[in-house]
Amino acid sequence: MNPKDIPILMYHDVSETDNQWCVSPQSFEAQMSHLYKQGYKTISLSQLHSILNNRETKEKYVVLTFDDARKGVFTYAFRTLKKYNFSATVFVVPSWIEGDVPDAEKYSSFMSWDELSVLSSTGWEVGNHTLTHKNMVELSPEERQHEIDKANEILKKRLFTLPRHFAYPFGVYSDVEEIKKRFLTAVTTNRGVDKTPYEFARQWICHDTNINQFMRLLKRPTISLCMIVKDEEATLAQCLSLEILAAKTAQKR
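All you need for my numbering is the position in the sequence shown, starting with 1, plus 173.
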């Protein structure tokens with residue numbers, strides 16, 4: 174396997190909640206069982222970064238990521254991953270952990286700091302998903318810096334470790350230079366396996382992703398979108414329209 178083809182899977186929650194971002198515990202178990210039976214091993218984003226420029230590897234690797242630090246990840250995913258000796262990265266929005274959650278994000282609950290501490294102490298990497306999950310494109314440079322640095326400050330205080338990895342809220346961004354100064358890698362919501370530095374693409378795993386679709390996401394690269402937005406007036410809707418276009422293009426292949 175070429176390290177640049179290692180898939181990074183993007184999850185949000187593992188729960189019985191009927192929401193597009195919530196994978197059922199049964200589906201998640203089936204997905205992890207498939208990885209295990211096919212000989213996949215999980216590696217961290219730090220490990221991926223260290224081997225990215227290597228030649229082909231005989232091992233089959235996959236990177237698991239969970240955005241938002243939702244409760245079901247601790248309740249269900251943690252137990253399942255432990256069963257298969259897998260680990261993952263969880264991207265945390267500190268204000269949500271502390272109860273300041275917008276209505277749109279209340280489709281499921283969040284972990285506690287104690288639960289995040291357990292994950293961190295058992296080999297999971299904890300990443301920065303900004304302080305309040307605002308659209309970075311709509312913020313001033315000073316506001317972006319506050320969102321990133323304050324989240325880092327809280328995560329270090331609570332979990333005794335400084336995050337090395339970053340996830341862009343909504344997957345959109347205008348400048349990777351400020352991210353390069355603080356982090357080893359950054360992940361987007363661009364679909365595919367592209368490993369452009371600080372713009373890692375990920376494969377989406379959602380509520381309706383069946384096992385056959387899951388298997389295909391592991392095997393074939395899909396369209397990867399570069400969502401660097403140079404126009405400050407660009408919106409999330411524009412970025413989502415690009416995702417829709419990519420999906421239609423992929424279907425024609």
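A virtual CB, placed ideally from N, CA and C, is assigned to each residue, including glycine.
Option nearest V236 by Cα separation, candidates Q220, E320, Y371 and T295:
For the purposes of this step, residue 236 is taken as residue 63 along the sequence shown, with counting starting at 1. Nearest to V236 by C-alpha distance, out of Q220, E320, Y371 and T295, is Q220.
Quick one: measure Cβ to Cβ for A250 and F239, integer angstroms, because I've assumed they're closer than 8 angstroms.
The count along the sequence shown starts at 1 and reaches residue 250 at position 77. The count along the sequence shown starts at 1 and reaches residue 239 at position 66. That belief holds up - the Cβ atoms of A250 and F239 are roughly 7 angstroms apart, short of 8 angstroms.
Provide the residue span of the alpha helix (DSSP H) that contains H167, from first to last.
This structure cannot settle anything about residue 167, because the visible part of the chain is limited to 174 through 426.
In the DSSP output, what is W377 paired with across the bridge?
Numbered from 1 along the sequence shown, position 204 holds the residue referred to as residue 377. Answer is M183.
Leaving out the 5 sequence neighbours to the left and right, which residues in its chain are closer than 6 angstroms to D178 when beta-carbon positions are compared?
Taking the sequence shown and counting its residues from 1, the one referred to as residue 178 is at position 5. Hits under 6 angstroms: V366.
Who pairs with H319 in a beta bridge, going by DSSP?
As a first step, residue 319 must be located in the sequence shown, where it is residue number 146. Paired residue(s): none; H319 is not in a bridge.
Looking only at its own chain, which residues have a Cβ that is under 7 angstroms from the Cβ of P201, when we skip the five neighbours before and after it?
Within the sequence shown, residue 201 is the residue found at index 28, counting from 1. Sequence check: residue 201 is Phe here, not Pro. Counting only Cβ-Cβ distances below 7 angstroms, and skipping sequence neighbours, we find V187, Y249, A250 and T253.
Taking the alpha-carbon positions, what's the V274 to E298 distance?
Translated into positions along the sequence shown, residue 274 becomes position 101. Translated into positions along the sequence shown, residue 298 becomes position 125. Between V274 and E298, the C-alpha separation is close to 23 angstroms.
So T358 and Y371 are in contact, right, with Cβ under 8 angstroms, and what is the actual spacing, rounded?
On the sequence shown, position 185 is the one that residue 358 refers to. On the sequence shown, position 198 is the one that residue 371 refers to. Correct: roughly 7 angstroms between the Cβ atoms.
Do K329 and F283 come within 7 angstroms of each other at the CB atom, strictly closer than that value?
Along the sequence shown, read from residue 1 onward, the residue named residue 283 stands at position 110. Along the sequence shown, read from residue 1 onward, the residue named residue 329 stands at position 156. For the pair F283 and K329, the CB atoms are not nearer than the 7 angstroms cut-off.
Can you give the Cα-Cα distance for L332 and W286, rounded to whole angstroms?
As a first step, residue 332 must be located in the sequence shown, where it is residue number 159. As a first step, residue 286 must be located in the sequence shown, where it is residue number 113. Straight-line Cα distance between these residues: approximately 8 angstroms.
Using 10 angstroms around the beta-carbon of E350, count the other beta-carbons present and answer buried if the total reaches 16, otherwise exposed.
One-based indexing of the sequence shown puts residue 350 at position 177. By the neighbour-count rule (16 or more Cβ atoms within 10 Å), E350 is not buried but exposed.
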